[in-house]
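Each number in our numbering corresponds to the 1-based position in the sequence shown with 37 added. Where is the CB? At the ideal position from N, CA and C, for every residue including glycine. All values derive from a computational prediction rather than experimental measurement. Notes follow the structure.
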Amino acid sequence: MVGPFARARTDGVPAMKPRSSPAAAVVLCLLWSLSCTTAAPAANAIEGKDWTWRIQADGTVRVSCKGTPVLESGHIAWGKAWAWAGVSAEYHAEGEGNGTFKGGVSDLGTEMTGQYRSPRPNVLTMDLRMASARSIAEAIGAGQNWTLRLDSPVFGGRAAMPELAAGGQGWTWRPAPGMEIRLTVEPGAAKVYYENGVRIFFLADRVDRGEKRFRLTLTLPEGATRESSPEERYDPEAKARWFAGALDWNASPVDLRFLNAGDRPAGGRGPVRASGDALVFGDGSPARFWGGNLAAYALFATPRATVPAQARRMAQMGFNLMRIHHHDSSWVSPNVFGRKPTTTRRLDPAAMERLDWWIKSLKDEGIYVWLDLRVGRQIPPGDGPPNGADEIARSEGSLIGYDYLNDGVRALMREFQDAYLSHVNPHTGLAYKDDPGVAAVLVTNEDDLTTHFAGLFGPGSGRPFHEGLLTREARSFAARTGLPEAQTLAVGSPGADKMLLADLEHRFNEEMIADLRRLGFRSPVATTNTWGDAGLANLAALADGDVIDVHAYGEAEWLGSNPRTDASFAAWIGAGQVSGKPTTISEWNVPFPAVDRFAAPLYVAALSAFQGWDAPMIYNYSQDPLQTPSGPSTWSSFSDPALAGVMPAAALLFRRGQVAPARGTIHLALSPEHFFGGVSAKSSAAIRTAVEQSRLTIGVPETPHLPWLKPSPVPEGATVIQDPDRDLIPEGRMSVRSDTGELTRDWQRGVHVIDAPKCQAASGWIGGDPIVTTDARFEVLTKKAVVALNSVDDQPLSQSKFILITTVARAVADPEKRSAYISEPVVATITLKTAATDLELLALASDGRIAGRLQPKHADGAVRIELPAARGSHWYVLRAPGAKPGP
């Protein structure tokens with residue numbers, strides 16, 4: 038994102054059509070330069086009462102302005118040579134901003150304790166003690182990093198930088214007129230400087246045995262108040278009554294294999310292909326994938342006998358796509374090259390047999406696979422390293438970014454994709470490239486120049502070989518286009534530099550895609566992903582692929598994010614939906630330990646159905662060996678009741694189309710100046726406020742300097758928006774509603790409601806007041822949870838005789854180690870209008886067996902259900918005798 042440039046207004050103004058002449062180029066770049074320095078439209082005045090703060094579960098502090106986080110502390114620690122040192126920390130609240138903090142840095146032998154107090158509503162004091170058991174020479178040190186969101190839309194433009202106090206005594210930040218935030222450190226930290234935030238080192242340049250004490254005082258503007266943390270809002274954890282092992286890691290409580298009935302084995306309807314903005318099978322039928330990721334040790338260390346059972350479980354949970362990921366990453370041993378390989382130019386037969394068995398087992402269950410070609414491969418000396426290998430080694434051997442400039446790297450990548458896709462699976466008799474069960478391939482993972490990695494090679498990068506390659510390309514590009522050479526080399530700047538980088542990405546894509554087609558691979562190709570904080574400029578070269586692939590991750594409490602000022606992970610996905618192209622999401626998650634991650638699967642499924650996104654894939658189903666888990670895992674959700682437990686409901690919703698597609702389309706059609714000028718979901722109110730209201734598409738503009746760039750079509754009947762900063766939510770409203778009326782998110786309450794004929798659900802802070810949908814009334818006592826009704830027989834809920842009921846809330850590590858997780862029972866009463874009078878309530882055990890039967894109360898054309906109805910279950914079926922799943 039590049040400052041206020043993204044907020045220049047163009048509605049009603051014809052898009053600039055720059056010519057390729059040098060004079061026009063100079064004018065264009067001057068406009069870019071002016072746009073980056075002109076003040077943005079002023080935001081609404083900020084007052085003291087607009088500021089709030091809270092202490093988080095790990096003892097860090099988050100400060101918000103008008104509900105938008107703008108300042109956050111974090112723990113930092115490094116050993117020698119910037120080796121990251123793990124920090125563990127937890128905060129125990131005592132109420133009213135008072136509490137105790139305890140943590141440590143085991144790699145530095147340092148214990149941290151603290152006492153927090155709030156003497157006034159706008160003041161927090163933190164007394165910290167750091168005790169080191171040993172001395173470590175040359176350790177970088179430990180302390181805090183305070184991240185300031187200088188470009189938050191809440192400020193209406195880029196806020197001022199913080200001012201650092203002398204003697205390490207803290208900093209002062211004046212983000213808006215009359216507003217001052219101050220952090221004082223007594224007696225003064227060892228080192229304070231600004232780098233990606235204000236870094237405060239209490240231990241710096243070495244660790245000395247002994248104890249040090251500091252008092253930090255955070256003072257916000259008068260009128261600021263403390264907000265209750267989510268932990269304080271939840272019910273007290275009565276863990277003795279929670280369910281242990283409610284979800285079996287190797288079985289499913291729900292069986293949705295009937296959804297895959299027409300695709301066993303996967304590929305029977307012909308290769309997947311892109312048709313306009315949708316995916317279809319070879320026979321022309323729609324291809325709608327609900328997927329996950331199988332990565333790393335899940336691929337190579339899962340016992341062979343477990344693989345078919347797990348493939349069956351995935352189908353039972355509603356999956357029909359799995360991405361094979363981290364197959365080549367150097368931190369995984371063994372990987373596709375074997376164990377501690379001396380070369381990556383040879384595929385290891387034993388490792389390939391593991392992949393073959395997975396693909397065969399998935400295929401048998403009607404589950405397609407997505408293959409990545411390069412993820413975390415490193416080039417060892419045995420590969421005959423390319424020129425500039427010493428500079429690649431400085432990036433820990435990662436090829437990311439280097440592939441766009443280095444011919445030798447690309448040659449190795451082409452060699453690998455040829456060998457990998459030409460490998461014949463003995464269980465199917467098909468090479469990967471010829472298997473219609475391979476739905477798509479990704480050329481290179483999270484790898485782009487336009488946002489993330491060009492800085493590796495810019496002037497002064499210390500990588501002279503690759504810097505020379507980039508400089509040569511910049512001069513050639515400037516000569517071809519008439520753009521000033523200096524601006525094409527201004528790495529990280531908007532405009533000419535972004536165009537150069539997009540051009541380099543395009544040339545790489547052309548080469549790699551041509552090689553794949555030469556091999557005979559027919560299914561869709563994704564080049565790389567739009568991910569992280571990527572701007573729309575990333576989409577230019579991504580459009581070379583058959584699909585646009587997106588990665589997006591949410592944080593706890595995202596249901597409370599204000600789209601006027603906050604870019605939720607949904608907005609980042611929406612910013613990748615290029616008009617005329619299918620949108621795939623090969624990574625999404627609100628990962629553990631986010632307490633409210635249970636609300637994410639239904640939210641993603643509903644928004645994907647509404648937007649027409651084609652293939653959401655949670656990251657991960659697992660990256661650990663699939664076996665009895667010892668505890669919770671951030672990147673393996675297969676045994677997590679809070680995520681995997683909601684997957685069947687989400688799969689039914691998405692794959693059955695239980696939420697209707699948007700009625701209208703908003704098409705963001707930006708000029709090249711804006712498109713390449715830093716606009717992103719973070720900076721664009723139009724993107725943030727459109728994505729939950731109407732279908733959102735992004736237009737790639739005609740750009741004379743990039744003759745290969747094909748402009749996107751304007752969808753028929755779309756409302757065309759040219760102002761990226763246009764707020765599309767009516768003034769004064771604190772909720773956003775889909776144009777179908779089926780989806781509503783109240784961000785003030787943190788509640789999401791689905792009200793569709795075949796799916797009605799409530800998620801978030803739903804405890805307390807009843808939530809009423811067309812056919813259901815949810816009276817929930819549990820403070821935060823998800824409660825969902827899905828029609829299984831494909832009839833409207835009011836007429837259905839087979840309904841899945843899902844009730845999930847918090848899931849945490851089992852303190853008694855009986856299982857990986859214990860999960861909170863949801864206490865609720867559901868009243869459903871129904872014409873059926875013979876419905877029976879069946880509680881489902883973790884393996885799908887019936888754990889209990891109840892005859893619910895029928896009265897006045899409705900059925901009333903009291904939950905939980907059986908010990909240990911989050912899943913129920915409301916079913917008439919003999920009822921079966923729909924077609």
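Whole-angstrom Cβ separation of residue i and residue j, contact assumed at under 8 Å?
| i | j | result |
| --- | --- | --- |
| Lys894 | Arg901 | 4 Å |
| Ala723 | Ile766 | Contact flag wrong, Cβ pair sits at about 11 Å. |
| Ala122 | Asp144 | 4 Å |
| Leu113 | Gln181 | Note that residue 113 is Ile in the sequence shown here, rather than Leu. Their Cβ separation, rounded to whole angstroms, is 7 Å, which keeps Ile113 and Gln181 in contact under 8 Å. |
| Ser289 | Met354 | 5 Å |
| Phe514 | Leu537 | 5 Å |
Using three-state DSSP, classify residue i as helix, strand or coil.
| i | result |
| --- | --- |
| Arg211 | strand |
| Ala342 | coil |
| Phe839 | strand |
| Gly329 | strand |
| Val191 | helix |
| Leu878 | strand |
| Ala80 | Bear in mind that the predicted position of Ala80 carries a pLDDT of just 46, short of 50, making it too unreliable to give a figure here. |
| Ala899 | strand |
| Pro630 | coil |
| Asp48 | Any reading at Asp48 is ruled out, since the residue's pLDDT is 29, under 50, leaving its predicted position unreliable. |
| Gln347 | helix |
| Ile437 | coil |
| Asp242 | strand |
| Phe4 | With the chain represented from 38 up to 924, any question about residue 4 goes unanswered, as that position is not in the structure. |
| Trp368 | coil |
| Pro741 | coil |
Once the 5 residues before and after residue i are set aside, which same chain residues still bring their CB inside 7 Å of it?
| i | result |
| --- | --- |
| Phe295 | Pro922 |
| Gln152 | Thr137, Asp164 |
| Asp764 | Arg601, Ala722, Thr726 |
In whole angstroms, what separates the C-alpha of residue i from that of residue j?
| i | j | result |
| --- | --- | --- |
| Ala168 | Met149 | 7 Å |
| Val464 | Asp393 | The identity of residue 464 in the sequence shown is His, whereas the question assumes Val. Their backbone Cα atoms lie some 7 Å apart in a straight line. |
| Trp327 | Leu689 | 9 Å |
| Arg56 | Gly715 | Note that Arg56 has pLDDT 28, beneath the 50 cutoff, so the model's placement of it is unreliable and no number is given. |
| Ala80 | Phe192 | Its pLDDT being 46, under 50, Ala80 is placed unreliably by the model, and the measurement read from it follows with that caveat. Each residue's Cα considered, the two are about 6 Å apart. |
| Leu506 | Leu442 | 7 Å |
| Leu876 | Arg186 | 53 Å |
| Val773 | Gln730 | 7 Å |
| Asp851 | Val446 | 47 Å |
| Val107 | Tyr271 | 24 Å |
| Thr221 | Arg786 | 34 Å |
| Thr781 | Leu596 | 11 Å |
| Leu915 | Ala799 | 18 Å |
| Gly557 | Asp455 | 10 Å |
| Ala348 | Phe337 | 15 Å |
| Ser312 | Arg301 | 23 Å |
| Gln797 | Ser322 | 27 Å |
| Ile610 | Val587 | 6 Å |
| Pro741 | Gln524 | 17 Å |
| Val528 | Gly425 | 20 Å |
| Asp783 | Val790 | 9 Å |
| Asp440 | Tyr656 | 25 Å |
| Ala283 | Phe635 | 14 Å |
Give a yes or no on whether the minimum CB-CB distance between residue i and chain D is below 8 Å.
| i | result |
| --- | --- |
| Asp188 | Absent from the structure: chain D. Only one protein chain is present. |
Between residue i and the rest of its own chain, which residues show a CB-CB distance below 8 Å, the 5 nearest in sequence each way excluded?
| i | result |
| --- | --- |
| Ala899 | Thr868, Leu869, Lys870, Thr871 |
| Ile585 | Ala563, Thr567, Leu576, Leu579, Gly613, Gln614, Val615, Lys618, Pro619, Thr620, Thr621 |
| Gly299 | Gly305, Arg306, Gly403 |
Here's a check: name, in chain order, each residue in its chain whose Cβ is nearer than 6 Å to the Cβ of residue i, leaving out the five neighbours to either side.
| i | result |
| --- | --- |
| Gly649 | Pro698 |
| Lys103 | Asp87, Val191 |
| Thr97 | Ser110, Gly111 |
| Glu853 | none |
| Glu504 | Phe494, Ser498 |
- Message: I'd like the ranges of any alpha helix (DSSP H) spanning at least 4 consecutive residues and lying wholly in the region 688-730.
- Response: 709-712, 722-727
- Message: In chain order, what are the residue ranges of uninterrupted beta strand (DSSP E) at least 3 long that sit wholly in the region 468-509?
- Response: 475-479
- Message: Could you tell me which whole beta strand (DSSP E) segments of length 3 or greater appear in the region 138-179?
- Response: 147-157, 160-169
- Task: Please go through the region 573-639 and give each complete beta strand (DSSP E) segment of 3 or more residues, from N-terminal end onward.
- Result: 585-590, 620-626
- Give, in chain order, every unbroken run of the beta strand (DSSP E) that is at least 3 residues long and sits entirely within the region 241-281. 247-256
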